[in-house]
Amino acid sequence: MTDTGTETTTEVPARVATGTRRGTGDPAARGRTTIADGVVAKIAGMAARDVVGVYALGGGIARTLGAVRDRVPGGGRSATRGVKAEVGEVQTALDLEIVVEYGVSIVAVSRTVRENVIAAVERMTGLEVVEVNINVGDVKLPDEDEDDDERPPLQ
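Going by UniProt numbering, 49 is the number at position 49 of the sequence shown; the sequence numbering is gapless.
Right under this line is the structure:
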């Protein structure tokens with residue numbers, strides 16, 4: 001009997017059999033990472049709060065609603081309050097609304113916030129920060145108690 005079929009035997013390298021073979025090429029090109037706007041906003045919010053002279057983030061209404069949420073069990077403090085992020089594939093832009101403490105240089109605080117936010121976001125995400133817009137919406141005076149604005153007067 002004559003065998004007319006062809007049989008090909010390929011020897012498999014031992015590393016394939018043991019599962020240690022690795023693909024070729026740049027690992028960064030083997031998938032895609034997306035970063036949500038909220039992730040960038042949290043990073044920026046935490047970096048802005050670390051700056052001396054920043055009393056709070058967010059406008060009056062956002063801070064009032066946030067204070068109510070903070071009092072509710074499980075409500076927690078929002079790290080993104082006062083921060084808006086727009087994230088693209090390789091770049092991001094941020095808008096922050098801050099309240100500064102009375103007596104500090106608004107220009108210096110803004111510059112430090114911008115530097116801190118850019119460094120943190122770029123280091124943690126790899127995204128290029130193209131702009132950080134800062135709106136100083138209020139100044140915290142030494143004799144102001146934030147809770148006074150949020151509670152009705154006692155009778």
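Glycine included, each C-beta is placed from N, C-alpha and C at the ideal position.
Note that this is a predicted model, so its numbers are computed, not measured.
Worksheet item: Exposed or buried, what is SER110 when buried is set at 16 or more other beta-carbons lying within 10 Å of its beta-carbon?
Response: buried
Fill in: When VAL132, ALA79 and ALA56 are compared against ARG114, the one with the closest alpha-carbon
VAL132
Fill in: Cβ-Cβ separation, VAL100 to GLY53 (assumed contact under 8 Å), whole Å
6 Å
Discussion item. Please identify the residue among VAL40, ARG49 and ARG123 whose C-alpha is closest to the C-alpha of ALA85.
Written reply: VAL40
Worksheet entry | Inter-residue Cα distance where the pair is ALA47 and ILE98 | 12 Å
Worksheet item: Can you name, in chain order, every residue of its own chain whose Cβ lies under 6 Å from the Cβ of MET124, other than the five neighbours on each side?
Response: ILE43
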